[in-house]
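Colleague: I have a structure here, written as structure tokens, and I will follow up with some questions on it.
Numbering (the working numbering), first residue to last: 102 to 295.
Shown next as structure tokens:
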């Protein structure tokens with residue numbers, strides 16, 4: 102095991118990790134704030150890449166979640182709210198509220214099945230289809246940007262990042278004991294396979 106020259110403790114000891122952990126926490130907060138600020142940058146990109154004044158006007162008061170529900174409907178149409186909820190992890194109540202707002206904005210329309218007046222299917226309107234395509238173009242642009250950004254890292258660094266992101270999906274920051282999985286003990290016992 103490697104030792105630090107100053108204190109003789111193992112290089113991975115708690116004391117040497119603490120400043121790095123603090124830096125990670127600070128950087129996570131900064132990244133989160135930057136992602137929230139990018140919502141405006143994304144709206145600007147869509148407005149600059151759209152010739153339809155009606156769409157540009159709608160962008161000003163359309164939330165990110167509304168865009169994601171519109172995206173789900175555009176991909177799966179005709180689709181019911183339960184499928185949107187399941188496929189994209191958006192609560193059913195939220196899908197209901199958002200589909201009402203999207204309908205009021207003229208972006209989607211309701212369609213009832215002939216034999217079942219209870220089940221509502223959603224489709225994009227021509228205006229909704231245009232915003233859906235614009236939103237898809239934004240995501241292609243963003244994906245290209247992410248790929249360009251990540252190209253500077255080697256395979257080992259990318260594997261570590263993938264592992265951290267996968268682990269964080271199952272982590273509870275509020276109750277860390279609840280988020281440890283069966284591999285955690287094994288992972289602690291052996292060095293990472295990067």
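Glycine included, each C-beta is placed from N, C-alpha and C at the ideal position.
Are at least three pairs of beta-carbons, each pair with one atom in the region 137–155 and one in the region 219–238, less than 8 Å apart?
Modeller: Result yes; three or more Cβ-Cβ pairs closer than 8 Å.
Colleague: Ignoring anything shorter than 4 residues, give me the alpha helix (DSSP H) runs that lie fully in the region 159–225, in order along the chain.
Modeller: Runs found: 165–177, 182–189, 193–205.
Colleague: Do residue 198 and residue 182 have their CB atoms nearer than 8 Å?
Modeller: The answer is no: Cβ separation not under 8 Å.
Colleague: According to DSSP, is residue 269 helix, strand or coil?
Modeller: In the structure shown, residue 269 sits in a helix (DSSP, three-state: H, G or I).
Colleague: Below 8 Å, how does it come out for the region 166–180 and the region 216–230: are there three or more Cβ pairs, yes or no?
Modeller: Segments in contact, yes.
Colleague: Can you give me the start and stop residues for the alpha helix (DSSP H) that residue 230 sits inside?
Modeller: Counting along the chain, the alpha helix (DSSP H) containing residue 230 begins and ends at 227–251.
Colleague: Following the continuous alpha helix (DSSP H) through residue 132, name the residue where it begins and the one where it ends.
Modeller: Segment 115–149, the alpha helix (DSSP H) holding residue 132.
Colleague: Counting only the same chain and skipping the five closest in sequence on each side, list residues whose C-beta sits under 7 Å from that of residue 153.
Modeller: Cβ neighbours of residue 153 beyond the five flanking positions: 231.
Colleague: Please name the residue in 209, 236, 171 whose C-alpha comes closest to that of residue 226.
Modeller: Among 209, 236, 171, the Cα nearest to that of residue 226 belongs to 209.
Colleague: In angstroms with no decimal places, state the Cα-to-Cα distance between residue 125 and residue 268.
Modeller: One C-alpha to the other measures close to 15 Å.
Colleague: Please state whether DSSP places residue 256 in a helix, a strand or coil.
Modeller: Residue 256 falls in the helix class under three-state DSSP.
Colleague: Taking Cβ positions, are residue 166 and residue 195 nearer each other than 8 Å?
Modeller: Cβ distance < 8 Å, so residue 166 and residue 195 count as in contact.
Colleague: Would a C-beta distance cut-off of 8 Å place residue 205 and residue 189 closer than the cut-off?
Modeller: Result no, Cβ atoms of residue 205 and residue 189 do not sit closer than 8 Å.
Colleague: Helix or strand or just coil, what does DSSP make of residue 275?
Modeller: Correct three-state label for residue 275: coil.
Colleague: Is residue 170 buried or exposed, if buried means 16 or more other CB atoms sit within 10 Å of its CB?
Modeller: Looking at its Cβ environment, which holds 16 or more other Cβ atoms inside 10 Å, residue 170 is buried.
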